[in-house]
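Mapping the sequence shown onto the working numbering, position 74 (from 1) lands on 85, and the numbers just tick up by one.
Positions of the beta carbon are idealized from the N, C-alpha and C atoms, including for glycine.
Below is one structure; the comments refer to it alone.
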Amino acid sequence: MVIAIDGPCGAGKGTIAHLVAEKLNLVYIDTGAMYRCVALQAIRDNIVDDSDKIIEMVKKISIRFDEFGKTYLNDEDVSDLIRSKEVTSIVSPISSIIPVREELVRLQRELASGLNVIMEGRDITTVVFPNADYKFYLDASVEERTRRRVEQNKEKGIFSDYDEIRSSIEARDYNDMHKDVGALKRTDDQIYIDSTDMSIDEVVEFIINKVGEVK
Ligand code: DC
Numbered sequence: 012m013v014i015a016i017d018g019p020c021g022a023g024k025g026t027i028a029h030l031v032a033e034k035l036n037l038v039y040i041d042t043g044a045m046y047r048c049v050a051l052q053a054i055r056d057n058i059v060d061d062s063d064k065i066i067e068m069v070k071k072i073s074i075r076f077d078e079f080g081k082t083y084l085n086d087e088d089v090s091d092l093i094r095s096k097e098v099t100s101i102v103s104p105i106s107s108i109i110p111v112r113e114e115l116v117r118l119q120r121e122l123a124s125g126l127n128v129i130m131e132g133r134d135i136t137t138v139v140f141p142n143a144d145y146k147f148y149l150d151a152s153v154e155e156r157t158r159r160r161v162e163q164n165k166e167k168g169i170f171s172d173y174d175e176i177r178s179s180i181e182a183r184d185y186n187d188m189h190k191d192v193g194a195l196k197r198t199d200d201q202i203y204i205d206s207t208d209m210s211i212d213e214v215v216e217f218i219i220n221k222v223g224e225v226k
């Protein structure tokens, strides 16, 4: 079984997918983390501006997840490192390199092969698994996504400026929706969820009920 979730940054896809995975005993695959691994390796190899070298590199690295949701790049736990500001600031252009996407899409299908998975990203419902059993588009208003990010930072002890976070979310939305390949899109066959006024538990329950209904 494949549950595919797409949506813009900050809509809560990671949190929701992780909780649904626990409840339904599915393997959770965070495809954004995979693009972040490529970005981290590009920084380490000092090849951020050289797409030919990035294309060569992506074929050589290994990316995997463990059952606790940790991300491994060449067997090193990079779960925290891939969330750095530096990685976040370069991952979008790297994820626009078409051969990088082809390689990661291949790997995403391989990781899911023979398993019951919940996979989230930007092109899972449209490119990676267009025939997924369940397809969701998880959305929230830009104001709410900014508010949630500011709150998350506050919990981590980081002060952040609302307007700065909002413009960076808007810039990422624009990039994610305007890629030549793998752009974030809404389609008629996705189940659309606007989580602006919903709690995490309400969204999880909504997805689990939908999966139960369609079964
Ligand atoms: O979900 P995230 O913020 O961790 O994703 C990191 C970047 O990777 C983001 O700029 C969008 C891109 N991405 C993508 O192009 N396709 C995916 N399936 C997942 C993420």
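Excluding sequence positions up to five away, which residues of its chain have a Cβ less than 7 Å from the Cβ of residue i?
i      : result
Val59  : Ala53 and Ile101
Leu126 : Val38
Arg133 : Asp17, Asp187, Gly193 and Leu195
Ser221 : The sequence given here has Lys at residue 221, not Ser. Around Lys221: Tyr145 and Ile202.
Residue i: buried (16+ other C-beta within 10 angstroms of its C-beta) or exposed?
i      : result
Ile16  : buried
Ser106 : buried
Ile109 : exposed
Gly223 : exposed
Thr82  : buried
Tyr46  : buried
Ser140 : The amino acid at residue 140 is misidentified as Ser; the sequence shows Phe. Buried.
Gly168 : exposed
Arg156 : buried
Asp91  : exposed
Ile211 : exposed
Lys34  : exposed
Does the Cβ-Cβ distance between residue i and residue j come in under 8 Å?
i      : j      : result
Ala22  : Ser206 : yes
Val13  : Asp187 : no
Glu131 : Asp41  : yes
Arg183 : Cys20  : yes
Leu84  : Ile72  : yes
Arg160 : Ile176 : yes
Ile129 : Ala28  : yes
Leu118 : Ile74  : yes
Near residue i, which residues of its chain fall below 6 Å by C-beta distance, leaving aside the five closest residues on each side in sequence?
i      : result
Leu30  : Val215
Leu115 : Met45
Gly148 : It should be pointed out that residue 148 corresponds to Tyr in this sequence rather than to Gly. Taken in chain order, the residues that qualify are Asp17, Gly18, Arg197, Gln201 and Tyr203.
Lys96  : none
What does DSSP give as the partner residue(s) for residue i in the beta ladder?
i      : result
Glu114 : DSSP lists no partner for Glu114.
Arg75  : Tyr83
Gly132 : Asp17
Ile65  : Ile65 pairs with nothing; no bridge assigned.
Val146 : As written in the sequence, residue 146 is Lys, which differs from the Val given in the question. Beta-bridge pairing links Lys146 to Ala15.
So, for residue i: in the same chain, excluding its five sequence neighbours on each side, which residues have a beta-carbon less than 8 Å away from its beta-carbon?
i     : result
Asp88 : Lys81 and Thr82
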